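Enquirer: For the protein sequence lines, the chains are A and B, in the order given. As numbered in my numbering, residues 1 to 877 make up the first sequence, in order. As numbered in my numbering, residues 1 to 113 make up the second sequence, in order. Glycine included, each C-beta is placed from N, C-alpha and C at the ideal position. Being a predicted model, the structure only gives us computed values, none of them experimental.
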Amino acid sequence: MDAELRFHMEACAADLERNGVPHQEAMRRARIEFGAIERVKEEGREARGVSFLETLVQDIRYGLRTLRRNPGFTAVAVFTLGLGIGANAAIFGLVDSALLRAVPFREPDRLVHVWTTDAEGDLHTPSPAEYLALLKNSSSFEEITGSGWADYFYGDDESSSQNLSGLLVSANWLPTLGIQPILGRDFFEQEQLAGRDGVVMLSYGCWRNRFHADPQIGGKQISLNRRPVTIVGVLPQSIAPYYEDIEIFAPLVLDTYASQGKPRAGAVRVRIVARLKPGVTLAQARSKTEVIAQQLRGPRASADRSGHLVVEDFTEEFRHPGPTRQNARRGLWMMACAAGVVLLIACANVASLLTARGVKRHREVALRAALGCSRRRMVRQLLTESTLLFFCGGTFGLVVARWSQEIITKAAAGMVPNGTYLEVDARVLTVSLAVSLLSALFFGMIPALHATRVNPNDSLRDAALNASGGSQSRRSRNLLVVFQVALGMVLLVGFGLLFRSLLNVESAYLGYDPRNVLTATVRIPPSRYAGAPDRARLLREVVERVSLVPGVESAGITDSLPMEGADSARLRIEAPAAAAAPKEEEIWFLSVNPEYFSTLKVTLSAGRPFGESDRYDTSPVAIVNQTFAKQYFPGVNPIGYHVAFADSPTAWREIVGVISDFRQRNPEEDLRPLAYFPLAQTLPGGKWSMAIRIHKSSDMAGAARNFDKSLQSIDPQLYWEFGNMQAQIHDSESLLLRRPIITLLASFGGMALILAVVGVFGVTSYSVMERTREIGIRVALGAARSEIARLVLRETLGITLAGLATGALGAFLLARFLPTGPIGWSGSGIYLYGVSRTDALTYSCAAVLLASVALLACYIPARRAMRVDPMVALRHE
Amino acid sequence: MDKQLDLLQGTLDMLILKAVSLGPLHGYGVLLRIQQISKARLEIQQGSLYPALYRLEHQGWIASEWGESENKRKAKYYWLTAAGKRRLLTEAQKWNRMAAVIAGILGTKAEEV
Numbered sequence: 001m002d003a004e005l006r007f008h009m010e011a012c013a014a015d016l017e018r019n020g021v022p023h024q025e026a027m028r029r030a031r032i033e034f035g036a037i038e039r040v041k042e043e044g045r046e047a048r049g050v051s052f053l054e055t056l057v058q059d060i061r062y063g064l065r066t067l068r069r070n071p072g073f074t075a076v077a078v079f080t081l082g083l084g085i086g087a088n089a090a091i092f093g094l095v096d097s098a099l100l101r102a103v104p105f106r107e108p109d110r111l112v113h114v115w116t117t118d119a120e121g122d123l124h125t126p127s128p129a130e131y132l133a134l135l136k137n138s139s140s141f142e143e144i145t146g147s148g149w150a151d152y153f154y155g156d157d158e159s160s161s162q163n164l165s166g167l168l169v170s171a172n173w174l175p176t177l178g179i180q181p182i183l184g185r186d187f188f189e190q191e192q193l194a195g196r197d198g199v200v201m202l203s204y205g206c207w208r209n210r211f212h213a214d215p216q217i218g219g220k221q222i223s224l225n226r227r228p229v230t231i232v233g234v235l236p237q238s239i240a241p242y243y244e245d246i247e248i249f250a251p252l253v254l255d256t257y258a259s260q261g262k263p264r265a266g267a268v269r270v271r272i273v274a275r276l277k278p279g280v281t282l283a284q285a286r287s288k289t290e291v292i293a294q295q296l297r298g299p300r301a302s303a304d305r306s307g308h309l310v311v312e313d314f315t316e317e318f319r320h321p322g323p324t325r326q327n328a329r330r331g332l333w334m335m336a337c338a339a340g341v342v343l344l345i346a347c348a349n350v351a352s353l354l355t356a357r358g359v360k361r362h363r364e365v366a367l368r369a370a371l372g373c374s375r376r377r378m379v380r381q382l383l384t385e386s387t388l389l390f391f392c393g394g395t396f397g398l399v400v401a402r403w404s405q406e407i408i409t410k411a412a413a414g415m416v417p418n419g420t421y422l423e424v425d426a427r428v429l430t431v432s433l434a435v436s437l438l439s440a441l442f443f444g445m446i447p448a449l450h451a452t453r454v455n456p457n458d459s460l461r462d463a464a465l466n467a468s469g470g471s472q473s474r475r476s477r478n479l480l481v482v483f484q485v486a487l488g489m490v491l492l493v494g495f496g497l498l499f500r501s502l503l504n505v506e507s508a509y510l511g512y513d514p515r516n517v518l519t520a521t522v523r524i525p526p527s528r529y530a531g532a533p534d535r536a537r538l539l540r541e542v543v544e545r546v547s548l549v550p551g552v553e554s555a556g557i558t559d560s561l562p563m564e565g566a567d568s569a570r571l572r573i574e575a576p577a578a579a580a581a582p583k584e585e586e587i588w589f590l591s592v593n594p595e596y597f598s599t600l601k602v603t604l605s606a607g608r609p610f611g612e613s614d615r616y617d618t619s620p621v622a623i624v625n626q627t628f629a630k631q632y633f634p635g636v637n638p639i640g641y642h643v644a645f646a647d648s649p650t651a652w653r654e655i656v657g658v659i660s661d662f663r664q665r666n667p668e669e670d671l672r673p674l675a676y677f678p679l680a681q682t683l684p685g686g687k688w689s690m691a692i693r694i695h696k697s698s699d700m701a702g703a704a705r706n707f708d709k710s711l712q713s714i715d716p717q718l719y720w721e722f723g724n725m726q727a728q729i730h731d732s733e734s735l736l737l738r739r740p741i742i743t744l745l746a747s748f749g750g751m752a753l754i755l756a757v758v759g760v761f762g763v764t765s766y767s768v769m770e771r772t773r774e775i776g777i778r779v780a781l782g783a784a785r786s787e788i789a790r791l792v793l794r795e796t797l798g799i800t801l802a803g804l805a806t807g808a809l810g811a812f813l814l815a816r817f818l819p820t821g822p823i824g825w826s827g828s829g830i831y832l833y834g835v836s837r838t839d840a841l842t843y844s845c846a847a848v849l850l851a852s853v854a855l856l857a858c859y860i861p862a863r864r865a866m867r868v869d870p871m872v873a874l875r876h877e
Numbered sequence: 001m002d003k004q005l006d007l008l009q010g011t012l013d014m015l016i017l018k019a020v021s022l023g024p025l026h027g028y029g030v031l032l033r034i035q036q037i038s039k040a041r042l043e044i045q046q047g048s049l050y051p052a053l054y055r056l057e058h059q060g061w062i063a064s065e066w067g068e069s070e071n072k073r074k075a076k077y078y079w080l081t082a083a084g085k086r087r088l089l090t091e092a093q094k095w096n097r098m099a100a101v102i103a104g105i106l107g108t109k110a111e112e113v
């Protein structure tokens, strides 16, 4: 602008000079003719419109000043918003980590799984032979990787036996997935040979939890399965959700895999992940792979549907998540809703505080309006102010989330897949700030519109008017509190229903007596006790030693304790009708010793228990549970019929007894058919667990110490882990899944209650303050103090009841979305158990809790109202 | 009619639009053009010219760009936008109607009432 005006003046002067006026004089005349330059500039600036940014800076400065001048209000608002936004930031972080983050693998579209089929055409993990055939003959794949499973014992001193899951991978596994170790190196090709495979990579979680995230870990020697191995690398956290429990990654050595790996479904299996060559479609790969499968099957083709190789999209698995991820989705979805509710309550709270404050600022607004400030401008300024407030709240919330990220990650563990963690990163930051901004605009608009609805003439003339404060703003404030109470009610009802479900699960009827039962678990290394006679001798010795320990009533041995689930296999079941063919079903089976059932105090409903006479060299027998009997032998006594493994070794086992049902996996699951075989006949390798019933009078801890000694002396190289049956239930999958959501919902419910107190307190206080004059008049006219208190209480109670009624209705509608069934086959998950969606007790408890909190919150304002001195109140104006 | 007339309230904008409609001009040029067309019969406050220009630019009726003046100096040139053209047309029509009405009223004789 300066340049332009200068040009004008010089051009003007130049014209004058051309007419013969001297330069100096010409400039002077030009200036005179132009008039007051500064005023022109000023008007010019105004005409051009003041820049958006300039006003913004002005508003922000003014807003900050106002906020600083009301530290109490600012603190309450920032704290409230911090809770709301912090809760959302935390939950978003978890959701992001568990569900949203993109697949960490390079070009996942080209990655495929190769499965084999069984006789029914169901998909299974392929055999090593199929893996090798594919490696040799396939032309559709750029890379073919194999992986297998293994169990590891970690540590070499006897105090710290720990069991780790491992994945055995081929050397091209990581490059094929497109993953780089975050520390150290990948495996070399030659490390896939027997004898040179003494190297491992650690999962991120293992590195962090067991090795304290030691950055110098590369090259360190540790002892796995009593064998020294070298740690060469650490894998990134991004793959943790896809390889949940795996802590150790070791080279896959096919020659020794059979003896070192963990067989799946009774056979050694290799999981195949391959990368398609560029340009090769899934269909092409399928048909070529099928040719290889045909060669492998040989002439026995077309007899059944087994032995086909099926190529499947790798990402398919993530689109159809398993129970853990489904449950995580369920839980996180509920958490997100709860966090959203907390945020809404917080926002409503701040909005009502702002509205109340707007009444106080009545005169300021009226004055500005009278001085010609447009309403739009004022709304904009008030909005800037509330946005500032929300941003402060958002920042505080992020600090809270950052500070509590460890706690929340820990609290959510069990509900979300392992490797899910809360980290306040750029994504969380962005989302939180966006949430702050949106809620600021929406919830800031209400008070801003109210505050600026002013007739300057009235307000300025009649100072008394600000005392009765505009019934409209009071109505909207009350509505906001109703909204808060209603949301609080919804949250509490949701929490209550799930909490009652948890209590019901905890006290569910199990079918066995878990009290006074110790457990001891041992894992038998594959290298030792390889023969059945060795394991039979070990079994005999263990039982003998344990029964000698004082205080022991009886000791049962099994391969899977209750709440651990069990192995399953296809069982052939003799049909009760004479002509019918035997059925084949996937059935859970357990191996138990003769004392197992009596130790758990489970009764036999028919037949005989296992006895000492059922040894591995006598004819095989079985016991089934009542559900099994009902399902496969309806109306028939199953005793005397037979079952057998469908796969070899197939030997018919005579059913000699029927045992009462008890829960094998989860306290709340549906009962399922189970088959039991004598441990002395199956003699499984791997894991054995003992259930040891102690005399009621004996000391459990002392008994546990004695066991340690006597069991250790059988074989000092076996590590026994001790526990007890009640801890077993406490750590059952269903309780592990349910507890986190209860903890988190409880904290959200707590927040909602605190916010309700703040909201009710704030609104009642303002209302009392506004009505000071009215109360003064009432007192002066002879109203009793109790009547004044009733006046205040009645208003609060009205608001609260309206809120509770709305909330109950909302909760009733929303409860329909709460799941009532488990996820898939797992029998567990977060769902309502033993409680109806309209559970009266939950609703009334929530209502009573909220109502009492609300009444408590208006105690102080009510007292203040009772103490109003009519003289002071009336002179006040 | 040699005496200069003061500008009627609200007509400056219209005159500026007209002036720049004849071709791009810098601020001083606008002043000269109006004086030239009106044969120096209109008195324009130089101080009020620039706020008016900025206002018109803010409303999107004229646009501006820095260019070079006839004596090789940097100057800001203004020209009419499409919206400005429409605006000028309606303003001119309004003015003409108004002038006609006023003239009609002023020309009324007693016997015509």
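#1: Following the continuous beta strand (DSSP E) through A:Y843, name the residue where it begins and the one where it ends.
#2: When you compare the CB of A:H362 with every CB in chain B, is at least one pair closer than 8 angstroms?
#3: Which ranges would you report for the beta strand (DSSP E) in the segment 467-534 of chain A if only whole runs of at least 3 residues count?
#4: Measuring only the C-alpha atoms, how far is A:L441 from A:F390?
#5: Determine the extent of the beta strand (DSSP E) in which A:H113 is found, giving its start and end residues.
#6: What number of angstroms, rounded off, separates the C-alpha of A:V758 from the C-alpha of A:T796?
#7: Assuming A:W207 is part of the alpha helix (DSSP H), what are its boundary residues?
#8: Do A:R330 and A:T125 count as a contact pair if the criterion is CB distance below 8 angstroms?
#9: Rounded to the nearest angstrom, what separates A:V872 and A:L344 at their Cα positions?
#10: Quick one: complete beta strand (DSSP E) runs, 3+ long, within the segment 304-379 of chain A?
#11: Just to confirm the assignment, what range does the alpha helix (DSSP H) spanning A:T599 have?
#12: Can you give, in chain order, each stretch of the beta strand (DSSP E) that sits fully within the segment 214-265 of chain A and has at least 3 residues?
#13: Determine, for A:A464, whether the minimum Cβ-Cβ distance to residues of chain B falls below 8 angstroms.
#14: Would the segment 533-553 of chain A and the segment 675-692 of chain A be scored as touching if the rule is three or more Cβ pairs under 8 angstroms?
#15: What are the residues in the segment 5-30 of chain B lying within 9 angstroms of chain A by C-beta distance?
#16: Can you give me, in chain order, the residues of the segment 67-92 of chain B that have a beta carbon less than 9 angstroms from any beta carbon in chain A?
#17: Closest to A:A780 by C-alpha separation, out of A:R693, A:Q726, A:D869, A:G750, would be which residue?
#18: Please go through the segment 45-79 of chain B and give each complete alpha helix (DSSP H) segment of 4 or more residues, from N-terminal end onward.
#19: Taking 6 angstroms as the limit between beta carbons, can you name the residues of its chain near A:L174, skipping five residues before and five after?
#20: Cα separation between A:A555 and A:V112?
#21: If you follow the alpha helix (DSSP H) that A:S439 is part of, which residue opens it and which one closes it?
#22: From what residue to what residue does the beta strand (DSSP E) around A:H642 run?
#23: Which one of A:V624, A:V399, A:G340, A:R65 has the shortest CA to CA distance from A:F597?
#24: Could you tell me how far apart the beta carbons of A:T820 and A:L832 are, in whole angstroms, since I believe they sit closer than 8 angstroms?
#25: Can you check whether the C-beta of B:Q46 is within less than 8 angstroms of a C-beta belonging to chain A?
#26: Using 10 angstroms around the beta-carbon of A:R741, count the other beta-carbons present and answer buried if the total reaches 16, otherwise exposed.
#27: Whole-angstrom Cβ separation of A:A274 and A:E107, contact assumed at under 8 angstroms?
#28: Buried or exposed: where does A:M1 fall if 16 or more other Cβ atoms within 10 Å of its Cβ makes it buried?
#29: For A:G829, count neighbouring Cβ atoms within 10 angstroms of its own Cβ and tell me buried if that reaches 16, exposed if not.
#30: If we define contact as Cβ-Cβ less than 8 angstroms, is A:H8 a contact residue for chain B?
#31: Nearest by alpha-carbon distance to A:L479: which of A:G414, A:A348, A:L502 is it?
#32: Could you tell me the distance, in whole angstroms, from the CA atom of A:L5 to the CA atom of A:T74?
#33: Using only alpha-carbon positions, find the residue among A:R380, A:A486, A:L814 that is nearest to A:L801.
#34: I want to verify the contact list: residues of chain E whose CB lies under 7 angstroms from the CB of A:E4, in sequence order.
#35: Specify the secondary structure class of A:F153 as computed by DSSP and reduced to three states.
#36: Residues in the segment 20-34 of chain A with C-beta within 7 angstroms of chain B's C-beta atoms, listed in sequence order?
Expert: Taking the definition as stated:
#1: Premise fails: A:Y843 lies in the alpha helix (DSSP H), 840-857, not in any beta strand (DSSP E).
#2: Output row for A:H362: interface = no.
#3: Qualifying beta strand (DSSP E) stretches, in chain order: 517-524.
#4: Straight through space, the alpha carbons of A:F390 and A:L441 are spaced by roughly 9 angstroms.
#5: Per DSSP, A:H113 belongs to the beta strand (DSSP E) from 111-117.
#6: In this model, A:V758 and A:T796 are separated by some 13 angstroms (Cα to Cα).
#7: Taken as a continuous stretch (DSSP letters only), the alpha helix (DSSP H) holding A:W207 covers 204-211.
#8: No. Outside cutoff.
#9: Each residue's alpha carbon lies about 39 angstroms from the other.
#10: DSSP runs (the beta strand (DSSP E)) wholly in the segment 304-379 of chain A: 309-313.
#11: Taken as a continuous stretch (DSSP letters only), the alpha helix (DSSP H) holding A:T599 covers 596-599.
#12: Taken in chain order, the complete beta strand (DSSP E) segments of 3 or more residues contained in the segment 214-265 of chain A are 221-224, 227-234, 246-251.
#13: Only weak support exists for where A:A464 lies, its pLDDT of 45 falling under 50; the coordinates are left without a value.
#14: Taking 8 angstroms as the limit for Cβ pairs, the verdict is that the segment 675-692 of chain A does touch the segment 533-553 of chain A.
#15: Correct list: H26, G27, Y28, G29.
#16: If the cut-off is 9 angstroms between Cβ atoms, the segment 67-92 of chain B has S69, N71, R73, K74, A75, K76 near chain A.
#17: Of A:R693, A:Q726, A:D869, A:G750, the residue nearest in Cα terms is A:D869.
#18: The alpha helix (DSSP H) runs lying completely inside the segment 45-79 of chain B and spanning 4 residues or more are 46-58, given in chain order.
#19: Its chain contains D186 as the residues whose beta carbon lies nearer than 6 angstroms to that of A:L174, once the 5 sequence neighbours on both sides are disregarded; these appear in chain order.
#20: Each residue's CA atom was taken as its position, placing A:A555 and A:V112 some 48 angstroms apart.
#21: DSSP places A:S439 inside the alpha helix (DSSP H), whose first and last residues are 426-451.
#22: In the DSSP assignment, A:H642 falls within the unbroken beta strand (DSSP E) covering 642-645.
#23: Checked all of A:V624, A:V399, A:G340, A:R65; the closest Cα to A:F597 is A:V624.
#24: Contact flag correct, Cβ pair sits at about 5 angstroms.
#25: The beta carbon of B:Q46 falls within 8 angstroms of a beta carbon belonging to chain A, placing the residue at that interface.
#26: At residue 741 of chain A the sequence reads Ile, which differs from the Arg that was named. Buried, by the Cβ-count rule.
#27: The beta-carbon separation of A:A274 and A:E107, rounded to 13 angstroms, does not stay under the 8 angstroms limit for a contact.
#28: That one is exposed.
#29: By the 16-neighbour rule on beta-carbons within 10 angstroms, A:G829 is buried.
#30: At least one chain B Cβ lies under 8 angstroms of A:H8.
#31: Out of A:G414, A:A348, A:L502, A:A348 has the C-alpha closest to the C-alpha of A:L479.
#32: If I take the Cα positions, the gap works out to 47 angstroms.
#33: The candidate whose alpha carbon is nearest that of A:L801 is A:A486.
#34: Protein chains in the displayed structure are A and B, and chain E is not among them.
#35: Three-state DSSP puts A:F153 in a strand.
#36: Listed in sequence order: E33, F34.
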